[in-house]
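Participant: Quick note: the sequence shown uses my numbering, first residue 2, plus one each step.
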Amino acid sequence: MDRAEKIVLGFSVGLMGAFFVALLLAAKVARIDVPPCLPSDVKPFTTGKVDTLPDGSRRLYVVARMWRFEPEVVEVPVGKPVDVFLSAADATHGFYLSWSNANLMAIPGAVNAYSFRLDKPGVYPIICHEYCGAAHQNMVAYIVAK
Ligand code: CUA
């Protein structure tokens, strides 16, 4: 192995070490975590619904299907946690809640989940960001924070 190879190899190993340390810092210090993909207590479903918990927070069970979300309009209280469970009835769809970090894939046979809180009142469109057929661009729902 010549000197240039040793330098590149050393740099590569050092870079991998730096990425590993960055991952550890993100997880342990900044507490950045990967959202769970398959919550064990929720099985795939084909009917959307909204549950209100005793503390006023909401659990949304959203079904994506060609070419709508179910339920289409949901009211949530400002400042309360909202847990979304997302399933797909037919094809792969997307779920992006405008002006938030809620960005999920709806995959047939699976349930994706995310929790968020809306601190400002308003109407937040949910759009499908995965091409899913002829009327993909019409696939929208709304969360109304009051
Ligand atoms: Cu559903 Cu695009």
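A virtual CB, placed ideally from N, CA and C, is assigned to each residue, including glycine.
It should be emphasised that the depicted structure is a prediction, and the values quoted were computed from it without experimental measurement.
DSSP has residue 13 in a bridge; who is on the other side?
Facilitator: Beta-bridge pairing links residue 13 to no other residue.
Participant: Should residue 88 go down as buried or exposed, given a rule of 16 or more other Cβ atoms within 10 Å for buried?
Facilitator: Under this definition residue 88 is a buried residue.
Participant: Out of 98, 92, 2 and 91, which one is the CA nearest neighbour of residue 85?
Facilitator: It is 98.
Participant: To the nearest whole angstrom, what separates the beta carbons of residue 146 and residue 122, a pair I think is in contact under 8 Å?
Facilitator: Going by Cβ atoms, the distance from residue 146 to residue 122 rounds to 5 Å, so yes, they are a contact pair.
Participant: Quick one: residues in its chain with C-beta nearer than 6 Å to the C-beta of residue 52, no 5 flanking neighbours on either side, listed in chain order?
Facilitator: Counting only Cβ-Cβ distances below 6 Å, and skipping sequence neighbours, we find 60.
Participant: By the 10 Å Cβ neighbour count, where 16 or more other Cβ atoms means buried, how is residue 140 classified, buried or exposed?
Facilitator: Answer is buried; the Cβ neighbour count reaches 16.
Participant: With burial defined as no fewer than 16 other Cβ atoms inside 10 Å of the residue's Cβ, what is the status of residue 103: buried or exposed?
Facilitator: Answer is buried; the Cβ neighbour count reaches 16.
Participant: On the DSSP letters alone, give me the boundaries of the beta strand (DSSP E) that residue 53 sits inside.
Facilitator: Per DSSP, residue 53 belongs to the beta strand (DSSP E) from 50-53.
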